[in-house]
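Student: Right, I'll just put the structure down here and ask away after.
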Amino acid sequence: MPLAQQPDQFRLTSGSAGPSGPAELASSGSPRKTSKVKRWDISWGVRRLVSVNVVAEPSYTESGALLLDGNRLRDLTVGRLRARIEAAGSPPICLATVLVGDDAPSRVYVKMKHRKATEAGIISRGVELPNSATQQEVEQAVVELVADSNVHGILVQLPLPDHLDAEPVLAMLPPEKDVDGLTDRSIGRLVRGLPGHAPCTPLGVMRLIDSYGIATSGQRAVVVGRSTLVGLPQMLLLSRRGADATTTLAHSRTRDLMSVCREADIIVAAAGQAGMITAKHVRPGATVIDVGISRSEDGIVGDVLFDEVQAIAGAITPMPGGTGPMTIACLLENTLAAADMAGVSC
162 MPLAQQPDQF RLTSGSAGPS GPAELASSGS PRKTSKVKRW DISWGVRRLV SVNVVAEPSY
222 TESGALLLDG NRLRDLTVGR LRARIEAAGS PPICLATVLV GDDAPSRVYV KMKHRKATEA
282 GIISRGVELP NSATQQEVEQ AVVELVADSN VHGILVQLPL PDHLDAEPVL AMLPPEKDVD
342 GLTDRSIGRL VRGLPGHAPC TPLGVMRLID SYGIATSGQR AVVVGRSTLV GLPQMLLLSR
402 RGADATTTLA HSRTRDLMSV CREADIIVAA AGQAGMITAK HVRPGATVID VGISRSEDGI
462 VGDVLFDEVQ AIAGAITPMP GGTGPMTIAC LLENTLAAAD MAGVSC
């Protein structure tokens, strides 16, 4: 859908000032009402519908680093979302998922998303297709959900089976229902600073940073990993107005990565290379956030060697239990935001 044809709440007028600027202004300087549907907050994907501060009861690692507990923050966020929905009279807010095939981890992830949606008071609808589903069948399933006004957010669980192309499937999602924030249009809107849903994992990192009182303004941040799923949007969110970090996007081919990381106040490791961030990469007191996930004989491991890094870091996420739970929390937050922008009183 061309930008000119998109619903009014997903557009910035020519008079808009950008990510932190005002919407279209009348001559009096007050916002001009142009639609009955609520307009997006202009600050991209960071308008908090619920505020959660966990600094009051912090936990620490054995070496004294602040533990950025994603499980705890997720559960607090789910509780706040439920309270908000109940206070609004429990309007029907619906998240739909599309799961294709029998990939075991995907089934676990989708089951957890549905469970947490229910805990938050959000209706969840699951569409499951067999591994033999054709491209047309998968795309048709998404089209039907898009056309359903009772569905406010849609998530297509990735990866799809090898014989399917995910890009045309994701392209079926309009920005207003793309609560995972992963389509070309959603990423493009993030790059341009336009309103929409931020990708859930990078947004979850921002929620951890904010809720634990980690300063970002004027700080040096290094994001290791350049994927469009995490690394690139993470850099953009850290650099945006309001976060104001001076952010470097590094990757596996960055020359002297250790020296680059040692200049950082905040390191976000998202390269998917087990144990690549060691204590030698971290300056004393830095915040280290592990997004990478790898599977080994010992189970799930991250990009950060937790045991040695926690001895020098000022704050650190566990793996698992750090950024993963916050991905789900932000998926639910984006779903509530989608319903809110669709005119649901919540």
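Each residue of the sequence shown is one higher than the last, beginning at 162 in my numbering. Glycine residues also receive a C-beta, built at the ideal position from the N, C-alpha and C atoms. Every value quoted in this text rests on a predicted model; they were computed, and no experiment measured them.
1. Excluding five sequence neighbours on each side, which residues of the same chain lie with their C-beta closer than 6 Å to the C-beta of G349?
2. At which residues does the alpha helix (DSSP H) containing R456 begin and terminate?
3. Run through DSSP, which three-state label would V429 get?
4. Would you identify the three-state DSSP class for T362, choosing helix, strand or coil?
5. Using CA coordinates, which residue listed in T295, V303, D236 is at the minimum distance from K277?
6. Return the chain-ordered list of same chain residues with a C-beta closer than 6 Å to the C-beta of R368, the five sequence neighbours on each side being excluded.
7. Can you tell me the Cβ-Cβ gap for D464 and G446, rounded? I've got them flagged as a contact below 8 Å.
8. Give a yes or no on contact between the segment 285 to 299 and the segment 222 to 239, applying the rule of three or more CB pairs nearer than 8 Å.
9. If you draw a straight line from the C-alpha of T174 to the C-alpha of R353, how long is it?
10. For L331, which residues from the same chain have a beta carbon less than 7 Å from its beta carbon, with the 5 sequence-adjacent residues on both sides left out?
11. Residues in the same chain with beta-carbon distance under 7 Å from C361, minus the five sequence neighbours each way, listed in chain order, please.
12. Indicate the three-state DSSP secondary structure (helix, strand or coil) for T389 in the structure shown.
13. Are L410 and G392 close, meaning C-beta to C-beta below 8 Å?
14. Which same chain residues, not among the five before or five after V385, have their C-beta less than 6 Å away from its C-beta?
15. Which value, in whole angstroms, describes the spacing of the CA atoms of E218 and L227?
16. Apart from the five residues on each side of it in sequence, which residues of its chain come closer than 8 Å, Cβ to Cβ, to I461?
17. Threshold first: 3 residues or longer. Then list the beta strand (DSSP E) segments lying entirely within the segment 314 to 358, N to C.
18. Since I believe A440 is in contact with A472 (beta carbons under 8 Å), could you give me their beta-carbon distance rounded to a whole number of angstroms?
19. Is the segment 242 to 249 close to the segment 265 to 282, with three or more CB pairs under 8 Å?
20. Grab me the residues of L397's own chain with a C-beta within less than 6 Å of its C-beta, minus the 5 sequence neighbours each way, in chain order.
21. Are the CB atoms of L321 and V261 nearer to each other than 8 Å?
22. For Q297, collect the residues of the same chain with a Cβ closer than 8 Å to its Cβ; drop the 5 residues on either side in sequence, then sort them by chain order.
23. Whose C-beta lies closer than 7 Å to the C-beta of S251 among residues of the same chain, with five residues either side of it excluded?
24. Give me whichever residues DSSP pairs with L466 in a beta bridge.
25. For C507, list the residues DSSP reports as bridge partners.
26. Rounded to whole angstroms, how far is the Cβ of L334 from the Cβ of V303, which I believe are closer than 8 Å?
27. Nearest-angstrom Cα distance between V423 and V443?
28. Using the three-state DSSP reduction, which class does R414 fall into: helix, strand or coil?
29. Quick one: give me the first and last residue of the beta strand (DSSP E) that G287 is part of.
30. Considering only residues of the same chain and omitting the five flanking positions on each side of G475, which have a CB-CB separation below 8 Å?
31. Does G231 come out as helix, strand or coil in the three-state DSSP assignment?
32. Expressed to the nearest angstrom, what Euclidean distance is found between the alpha-carbon atoms of G314 and K338?
33. Got a sec? Which residues, its chain only, sit under 8 Å from A509 by beta carbon, not counting five neighbours each side?
34. To the nearest angstrom, report how far apart D309 and H275 are at their CA atoms.
35. Name the residue from G374, V421, S413 whose alpha carbon lies nearest to the alpha carbon of A435.
Tutor: This is what the structure gives:
1. In the sequence shown, counting from the first residue as 1, residue 349 sits at position 188. If we look at G349 and ignore the five residues flanking it on each side, it has no Cβ neighbours.
2. Along the sequence shown, read from residue 1 onward, the residue named residue 456 stands at position 295. R456 -> not in any alpha helix (DSSP H); beta strand (DSSP E) instead, spanning 455 to 457.
3. As a first step, residue 429 must be located in the sequence shown, where it is residue number 268. Correct three-state label for V429: strand.
4. For this step, residue 362 is matched to residue 201 along the sequence shown. Note: T362 maps to helix in three-state DSSP.
5. Here residue 277 refers to the residue found at position 116 when the sequence shown is read from its first residue. Minimum Cα distance to K277 is reached at D236.
6. Walking along the sequence shown from the start, residue 368 turns up at place 207. So the qualifying residues of the chain are M487.
7. Taking the sequence shown and counting its residues from 1, the one referred to as residue 464 is at position 303. Taking the sequence shown and counting its residues from 1, the one referred to as residue 446 is at position 285. With 8 Å as the limit, D464 and G446 do not qualify as a contact, their Cβ atoms being about 20 Å apart.
8. no
9. As a first step, residue 174 is located in the sequence shown; it is residue number 13 there, counting from the start. As a first step, residue 353 is located in the sequence shown; it is residue number 192 there, counting from the start. Bear in mind that the predicted position of T174 carries a pLDDT of just 27, short of 50, making it unreliable; the figure below should be weighed with that in mind. Straight-line Cα distance between these residues: approximately 13 Å.
10. What you label residue 331 is simply residue 170 of the sequence shown in a count that begins at 1. Once the five neighbours on either side are set aside, the close Cβ partners of L331 are V317, L343, T344.
11. Numbered from its first residue, the sequence shown carries residue 361 at position 200. Contacts found: D341, G342, T488, C491, L492, N495.
12. The residue labelled residue 389 in the question sits at position 228 within the sequence shown. T389 falls in the coil class under three-state DSSP.
13. The residue given as residue 410 occupies position 249 in the sequence shown. The residue given as residue 392 occupies position 231 in the sequence shown. Going by C-beta atoms, L410 is nearer than 8 Å to G392.
14. Along the sequence shown, one-based indexing puts residue 385 at 224. Cβ within range, chain order: A411, A430, A432.
15. Residue 218 sits at position 57 when you count from the first residue of the sequence shown. Residue 227 sits at position 66 when you count from the first residue of the sequence shown. If you take the alpha carbons of E218 and L227, they lie about 11 Å apart.
16. As a first step, residue 461 must be located in the sequence shown, where it is residue number 300. Non-local C-beta neighbours of I461 in its own chain, meaning closer than 8 Å and more than five positions away in sequence, comprise I454, S455, M480, P481, ordered along the chain.
17. The qualifying runs are 314 to 317.
18. Counting from one through the sequence shown, the residue named residue 472 turns up at place 311. Counting from one through the sequence shown, the residue named residue 440 turns up at place 279. Right, their Cβ atoms sit about 7 Å apart.
19. yes
20. Working through the sequence shown from its first residue, we reach residue 397 at position 236. For L397, where only same-chain residues beyond five positions count, the Cβ hits under 6 Å are L351.
21. Taking the sequence shown and counting its residues from 1, one reaches residue 321 at position 160. Taking the sequence shown and counting its residues from 1, one reaches residue 261 at position 100. A contact, by the Cβ cut-off of 8 Å.
22. Along the sequence shown, one-based indexing puts residue 297 at 136. Counting only Cβ-Cβ distances below 8 Å, and skipping sequence neighbours, we find nothing.
23. Position 90 of the sequence shown, counted from the first residue, corresponds to residue 251. Cβ within range, chain order: G282.
24. Looking up residue 466 in the sequence shown gives position 305. Looking at the DSSP assignment, L466 forms no beta bridge with any residue, so it has no partner.
25. Within the sequence shown, residue 507 is the residue found at index 346, counting from 1. In the DSSP output, where bridge partners are listed per residue, C507 has none listed.
26. Position 173 of the sequence shown holds residue 334. Position 142 of the sequence shown holds residue 303. Yes, they are in contact, since the Cβ atoms of L334 and V303 sit about 7 Å apart, within 8 Å.
27. Against the sequence shown, residue 423 aligns to sequence position 262. Against the sequence shown, residue 443 aligns to sequence position 282. For the sequence presented, residue 423 should be read as Arg rather than Val. Rounded to the nearest angstrom, the gap between the Cα atoms of R423 and V443 is 5 Å.
28. Here the question's residue 414 lines up with position 253 in the sequence shown. In this structure, DSSP gives R414 a state outside helix and strand, which the three-state scheme calls coil.
29. Counting from one through the sequence shown, the residue named residue 287 turns up at place 126. From DSSP, the beta strand (DSSP E) with G287 extends over 284 to 290.
30. Residue 475 sits at position 314 when you count from the first residue of the sequence shown. Within the same chain, G475 has close Cβ partners A226, L227, P445, G446, A447, T448.
31. Numbered from 1 along the sequence shown, position 70 holds the residue referred to as residue 231. G231 falls in the helix class under three-state DSSP.
32. Working through the sequence shown from its first residue, we reach residue 314 at position 153. Working through the sequence shown from its first residue, we reach residue 338 at position 177. In this model, G314 and K338 are separated by some 4 Å (Cα to Cα).
33. The first residue shown for the chain is 162 and the last is 507, placing residue 509 beyond what the model contains.
34. As a first step, residue 309 must be located in the sequence shown, where it is residue number 148. As a first step, residue 275 must be located in the sequence shown, where it is residue number 114. Rounded to whole angstroms, D309 to H275 spans 19 Å at the Cα level.
35. For the purposes of this step, residue 435 is taken as residue 274 along the sequence shown, with counting starting at 1. Cα-wise, what sits closest to A435 is S413.
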